[in-house]
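Taking my numbering, I'd label the letters of the sequence shown as residues 143 to 1034. Ideal Cβ placement from N, Cα and C applies to all residues, glycine included.
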Amino acid sequence: MTTLHPVRPAAPPSGREGSSGGDASREARAGGAPAVHGSAAAHGSAAVSPGNVPPGAELLEDLLAGTAEEESPVTHVHRLAVRQSRTLPWPEWVDPALRERLVEQGVREPWRHQVEAAQLAHDGTSVVVATGTASGKSLAYQLSALTRLVEDPRACVLYLAPTKALARDQLASVAALADPSVRPAAYDGDTPAEERDWVRRHSRWIVTNPDMLHRGVLPAHQRWSSTLRRLAYVVIDECHAYRGVFGSHVGHVLRRLRRICRRYGADPVFVLASATVAEPAAAATRLVGAPVVAVTDDGSPRPGATFALWEPPLTEHTGEHGAPLRRSAAADTAGLLADLVERGARTLAFVRSRRSAETVAEQARRLLADRGRSDLTRRVDSYRGGYLPEERRELERALSAGDLLGVATTNALELGIDIAGLDAVVLAGYPGTLASLWQQAGRAGRAQRESLVVFVARDDPLDHYLAHHPRAVFGRPVEATVTDPANPYVLGPQLCSAAAELPLTPEDLPDFGGPVAEARLEELVAAGDLRRRPAGWYWAGRGRPDVDIRGSGGEPVAIIEGDTGRLLGTVDGGAAHSTVHAGALYVHRGETFVVDEFDPEDACAVVHAESPEWTTVARDVTDLSIVTIERTRRLGTVTAHTGVVDVTNQVVAYQRRRAGTGEVLAEFPLDLPPRQLRTRAVWLTLDADAVARADVDDLALPGSLHAAEHASIGILPLLATCDRWDLGGLSTALHPDTGTATVFVYDGHPGGAGFSERGYAALRRWVRATRATVSSCECESGCPSCVQSPKCGNGNDPLDKAGAVRVLDVVLDELATAEDAAGHGAGDTDDGGDDGEDVPTHVMPTGPVRGLLRRPGVGRPAGPEEDVGGDPPTPDAPADAGGGHVEDDLVF
C-alpha cells in the first residue's frame, strides 16, 4: 500500500476554503495510451457499487495501491475540511407562498449568506454573493426578486447568464418556485421568432444573456419600454465569466442598460453571483458601473474533500532538441476516469477541448473493455458544446440520475448546472485561472459526501509550478477579474452603440469614463461616426453599429464544406489567418476537415472532410515597436515599463506535424496579408551591468532571455484571469527602441485587456514564481514543463535554462533592493509598486524587430462550450537570424 505524500499545511483560499462545497437552492435545498493504473481486480479489490463508494481519501489510496512511493505521480495531498451550516430565520417580508414551496423542496431555513444578500437586495442595495460552489446563491436573489413580483404585479426581472445551459437550468428552477403570473421565459438565440413577441409582452422573469441584451433588447428599447420601465431587478449569474475584453464590453452593455432604464424612470437593483471572484465588491462595482456590496461569509455546509496534485512522470520519449517529455495529462486522465468508474465513483473529467473530451472518453471505454468490464463502457460518455439541445439534456439527465458514471467534458459543465452527488472530479491540466479550477473542483461533493479531486498537470510551466507549489492552489484567493472599460477598441464601439440608442449627453459621460469618454467622443466625431449637436452626440451611421462583444476584432470567417455547401460554423476573424489558412486542419464537432481555400477579403474558408494523421501549425513573422511608455519603474540596472506597442503580424507558412509525436513532416509557404495590432505591454530592460551580473555572454544572452520570456508568459495566468493564449511576447538582446536587452509580454487583444498591467502591478511575485518554475524543473536544459513553449515560432531555439535563472535572479535582486529602499518590503502594490516615477513618454520607434511567431492551430482559450481543437504540438523553426524572438499567443 502506497504511503501518501505528507500534507503540507496550507490555508484555503480566503472566504471559501477551496470552494469545494456542498448550490443548495439548486442541488442541496436541505439547507491511445496504456492504462495508468491497474484494474480494481489487480489490486485485490472488487468493483464498488455506486452506493458504496469510499470517501475521497480512501478512494485515492485505492487508486494508488501497488504504486511504489518513489514512482507515485502524486506530489501533494490536501484536505478540505468539513464545514457546518449556519442558518437564519426566514425574513418576515418573504412571500408566504414562496416560503411554503421552498420548505416543500427541503429548505427548512435559509443559510446565513442567503438571508444577508436577500435582505440587502430587498432594501434596494445592489449586492454580489461571492460564496462557495453549491452554496445556494440562487436562493439569495430568488427570495427578494420573486417576493417583489408578488408585491408588485407589474414588476419585472432580467436574468443574465454567460451560457445557455446555465440559463435554461435557472429557468427551470424559477419556474418551480414562481407564482403563475410571473411566466418565466427564455429570450436568446434559440427562442423562435414567433415566441419573442410573447416573451416581451407577457414574461416578468426574462432569462437571457449579454449578447441578446446588446443586440436584441437595447437597440429596440422602444419596443421593450414596458418591461424596462418596470424592471425591478437585474440578476447577473456567474459574474466571474465577464473578464478581459469580453468583460469590458459587458460592463458597457450594463451601463447602457442603466442609462436606458433611467430614461424610462426605472432604477433596478443589481444582484450578482459567483463562486469564484476576487475582490468581489470592487469587481462587481467595476462591471456594473455602480456601487455594489459584497456578501462573502458562506453559511452553507460542505463535506470534506481530498484534493490531490498529480504530475505524470517523465518518459523515455523526447521532443524538440532532445527535451524529455512527460506522459500526457490526457492519458492519465483517461486512466483515472476508467479506474474511478470501475470503482463505482460518479466522475467528471474536465479537459481543454471538444476533441479531447471525445478522446478521453473513448480511451476510458477502451481501458474498461480491455479489463473485461464491457458492461461499464456504456456508462462513460463525453459532454461538450456542439451537441443538439436534446442530446445535451439527455446527457445531463443521465449523469444526474446516475445512469452515467463517467463523463469527459469541456468547461461546458463548469458552471452551475444541476448535477448532484458526484464522487470525484479530475482536471486534465490547469483550466486557465484559479477561478475555473475551483469552479470545476466544486462540482464534486454536492450531495454532502466526501469527494475526491485530482488535478493532473500538463507538460506546461504553470502546471508544473502548481504541482510543486501547493500554496499557489490552496493558500491564496482566486485572481483579480481583469477588465479595462477604457480600452479604446471597446469604448469607441460601445459609445457608438449607446448614441444609436439614445443621443449621448454630457450627463451620461461619467458612467462611460468621464474625460476618457469625452476624448474618445471627439475622435469618433472627427472620424464621422458621430455628430455633435447642442443636445449631445448622435449616431451618424446607417442602421445600427455592428459590435461583436465576444470577438477580438475582424469579421467572422464562415467555414463552408465544399462538397455540400453546408455552413459548418465560423471562426473569429482575428484567429482565421492561423486556424483556417489553406491546408489547415480544422476540427468541428469532433470531425476533422482540411481547408482547401481561404479568402480573407470574402471572409470565407472552403473545407473538405478528411482524417489525416497530422496536425498543422502556422508560422508567423512579427515586427514590434514601442509607441508610448506610460509607466516606468527604475530598479537599478533593470527597468520595468508598461505602455502601448504596435505589433505587425504575418502568417508566412505552416507545418504539418505528426499527431501525437509532433514530428515535422513538411512545411509549406503561405501568401497572406499582414495584420496590425496596437495593444498594451509590460517589458523589462537590462543594461550592460545587469547582463554582466547574470554572467551570460553574448552567445548565451538571446537564449537566456528567450527562456525567461517563455516561462514568464506561462506563469502570468497565475496572477491574472487570462490564459497564455491571451498573451504574446518578444525577447531580444538588443531592441532598437530601448537600446538594450529587452523582454516584452503583451496582451493579444486590440487595445489591450489589462493582463500586462496586472503583471506590472505584481512584478515581484510574477518574477519569483517564474524563477521557481524554471529552477525546480528536474530536466537538464529545458523542457515543456519549464521554458519550452508549445507555440514557439523559433522552434524553441535558442533556449538557455541556466542563463534564464541567472537573469531572473538579477531582476529579483534589483526588485528586492528597490522595494526595501522604498519601504515596500517584499510585496507588490496595487498601483504597480512604483519606486521610480511614472513617465508618460512618446517614443519614436527606430525600427522594428523581426522574429518568427508561433501560432498553433488553436485560437484564444475557450469560453464555455467553445472549441479550441486539440493540444497544440510544439513547432520547430530555425532561430531568427536577427536575434529577435517572439512568442505569439495572441488573436488579432
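DSSP beta-bridge partners of G296
The residue you call residue 296 lines up with position 154 of the sequence shown. It should be pointed out that residue 296 corresponds to Arg in this sequence rather than to Gly. Per DSSP, none; premise fails for R296.
Helix, strand or coil, according to DSSP, for G1035 in the structure here?
The requested residue 1035 is not part of the displayed model; the chain covers only 143 to 1034.
Contact check, P630 vs G407 under 8 angstroms by CB: the rounded distance?
As a position in the sequence shown, residue 630 is number 488, starting the count at 1. As a position in the sequence shown, residue 407 is number 265, starting the count at 1. Contact flag wrong, Cβ pair sits at about 33 angstroms.
Kindly give me the distance between the Cβ atoms of T882 and T821, rounded to whole angstroms, as I take these residues to be in contact under 8 angstroms.
Numbered from 1 along the sequence shown, position 740 holds the residue referred to as residue 882. Numbered from 1 along the sequence shown, position 679 holds the residue referred to as residue 821. Contact flag wrong, Cβ pair sits at about 22 angstroms.
To the nearest whole angstrom, what separates the beta carbons of V786 and L766, a pair I think is in contact under 8 angstroms?
Here the question's residue 786 lines up with position 644 in the sequence shown. Here the question's residue 766 lines up with position 624 in the sequence shown. The pair is not a contact, with the Cβ atoms about 11 angstroms apart (cut-off 8 angstroms).
Report yes if the C-beta distance between A491 and A550 is below 7 angstroms; otherwise report no.
Mapped onto the sequence shown, residue 491 falls at position 349. Mapped onto the sequence shown, residue 550 falls at position 408. Their beta carbons are under 7 angstroms apart, which means A491 touches A550 by this criterion.
With a CB to CB cut of under 6 angstroms and the five nearest residues on each side skipped, what residues in its chain are close to V667?
Here residue 667 refers to the residue found at position 525 when the sequence shown is read from its first residue. Within the same chain, V667 has close Cβ partners R674.
Under DSSP, the alpha helix (DSSP H) around I768 begins and ends at which residues?
As a first step, residue 768 is located in the sequence shown; it is residue number 626 there, counting from the start. Looking at the DSSP string, I768 is not in any alpha helix (DSSP H); the run it does join, the beta strand (DSSP E), is 756-777.
Would you kindly report the start and end of the unbroken alpha helix (DSSP H) that includes E739?
Residue numbering aside, residue 739 sits at position 597 when the sequence shown is read from its first letter. E739 -> not in any alpha helix (DSSP H); beta strand (DSSP E) instead, spanning 733-741.
6 angstroms Cβ shell around V271 - same chain, five flanking residues per side excluded:
For the purposes of this step, residue 271 is taken as residue 129 along the sequence shown, with counting starting at 1. Excluding sequence neighbours, V271 sits near A259, K279, A282, A415, V437.
Grab me the residues of A682's own chain with a C-beta within less than 8 angstroms of its C-beta, minus the 5 sequence neighbours each way, in chain order.
To locate residue 682, count along the sequence shown from 1; it is residue 540. G670, D671, L672, R673.
Judging by CA-CA distance, which residue of G715, D829, A320, R250 is the nearest neighbour of D237?
Locating residue 237 in the sequence shown gives position 95, counting from the first residue. The candidate whose alpha carbon is nearest that of D237 is A320.
Segments of 4+ residues assigned as alpha helix (DSSP H) that fall wholly inside the segment 880-968:
897-903, 905-918, 943-964
Hey, could you find the ends of the alpha helix (DSSP H) E203 is sitting in?
Residue 203 sits at position 61 when you count from the first residue of the sequence shown. From DSSP, the alpha helix (DSSP H) with E203 extends over 198-206.
Per DSSP, F449 forms a beta bridge with which residues?
One-based indexing of the sequence shown puts residue 449 at position 307. Partner(s): H220, V595.
Measure the Cβ-Cβ separation of A862 and P603 and say whether it is below 7 angstroms.
As a working mapping, residue 862 is identified with position 720 in the sequence shown. As a working mapping, residue 603 is identified with position 461 in the sequence shown. No.
Three or more beta-carbon pairs under 8 angstroms between the segment 232-252 and the segment 383-392, yes or no?
no
Report the partner residues of D788 according to the DSSP bridge assignment.
On the sequence shown, residue 788 is found 646 positions in, with the first residue counted as 1. D788 is bridged to S767, R820.
Would A586 and A554 qualify as a contact pair, given that the criterion is a beta-carbon distance under 7 angstroms?
As a first step, residue 586 must be located in the sequence shown, where it is residue number 444. As a first step, residue 554 must be located in the sequence shown, where it is residue number 412. No, Cβ-Cβ distance for A586 and A554 is not below 7 angstroms.
Supposed contact pair P410 and A375 - C-beta distance, whole angstroms, cut 8 angstroms
The sequence position of residue 375 within the sequence shown is 233, counting from 1. The sequence position of residue 410 within the sequence shown is 268, counting from 1. The question names Ala, but residue 375 is Tyr in the sequence shown. So it is a contact: roughly 6 angstroms between Cβ atoms.
With three or more beta-carbon pairs closer than 8 angstroms as the criterion, would you say the segment 239-259 touches the segment 340-347?
no
Simplified DSSP state of E414, which is helix, strand or coil:
Counting from 1 along the sequence shown, the entry for residue 414 is found at position 272. It should be noted that the sequence gives Leu, not Glu, for residue 414. Residue state, collapsed to three classes: strand.
With distances taken Cα to Cα, identify the nearest neighbour of G441 among L291, P231, R398.
Numbered from its first residue, the sequence shown carries residue 441 at position 299. The shortest C-alpha separation from G441 is found at P231.
Is it buried or exposed for S524, if we count other Cβ within 10 angstroms and need 16 for buried?
On the sequence shown, position 382 is the one that residue 524 refers to. Buried.
Use the C-beta contact count for P612: other C-beta atoms within 10 angstroms, 16 or more gives buried, fewer gives exposed.
By one-based count along the sequence shown, residue 612 stands at place 470. It is buried - the Cβ of P612 has at least 16 other Cβ atoms within 10 Å.
May I have the straight-line CA-CA distance separating T758 from L807, to the nearest angstrom?
For the purposes of this step, residue 758 is taken as residue 616 along the sequence shown, with counting starting at 1. For the purposes of this step, residue 807 is taken as residue 665 along the sequence shown, with counting starting at 1. Taking the straight line joining both Cα atoms gives about 10 angstroms.
So which of G486, L451, V483, G464 has the shortest CA-CA distance to A471?
Numbered from its first residue, the sequence shown carries residue 471 at position 329. It is L451.
Going by C-alpha to C-alpha distance, which of A717, E755, V763 sits closest to C746?
Locating residue 746 in the sequence shown gives position 604, counting from the first residue. Here the closest residue by C-alpha is A717.
Bridge-paired residues (DSSP) for F492
Taking the sequence shown and counting its residues from 1, one reaches residue 492 at position 350. According to DSSP, F492 bridges with T551, L569.
Quick one: any contact between the segment 903-923 and the segment 838-858, if contact means 3 or more CB pairs under 8 angstroms?
yes
Close Cβ partners of Q636 (< 6 angstroms) along its chain, the five nearest in sequence each way excluded
Along the sequence shown, one-based indexing puts residue 636 at 494. H394, listed in sequence order.
Taking a contact to mean a Cβ-Cβ separation below 7 angstroms, would you say H730 touches G711 in this structure?
Walking along the sequence shown from the start, residue 730 turns up at place 588. Walking along the sequence shown from the start, residue 711 turns up at place 569. The answer is yes: Cβ separation under 7 angstroms.
For F654, count neighbouring Cβ atoms within 10 angstroms of its own Cβ and tell me buried if that reaches 16, exposed if not.
For this step, residue 654 is matched to residue 512 along the sequence shown. Buried is the call here.
Roughly how many angstroms separate the alpha carbons of V1000 and A904, rounded to a whole number?
To locate residue 1000, count along the sequence shown from 1; it is residue 858. To locate residue 904, count along the sequence shown from 1; it is residue 762. For V1000, the predicted structure reports a pLDDT of 29, less than 50, and the residue's modelled location is therefore unreliable. A value from the coordinates is still provided. Between V1000 and A904, the C-alpha separation is close to 29 angstroms.
Of all the options C381, L594, H891, which has the alpha carbon lying nearest to the alpha carbon of E203?
Walking along the sequence shown from the start, residue 203 turns up at place 61. Of the candidates C381, L594, H891, the one whose C-alpha sits nearest the C-alpha of E203 is L594.
Helix, strand or coil at P422 according to DSSP, with G and I counted as helix
One-based indexing of the sequence shown puts residue 422 at position 280. In this structure, P422 counts as helix in the three-state DSSP scheme.
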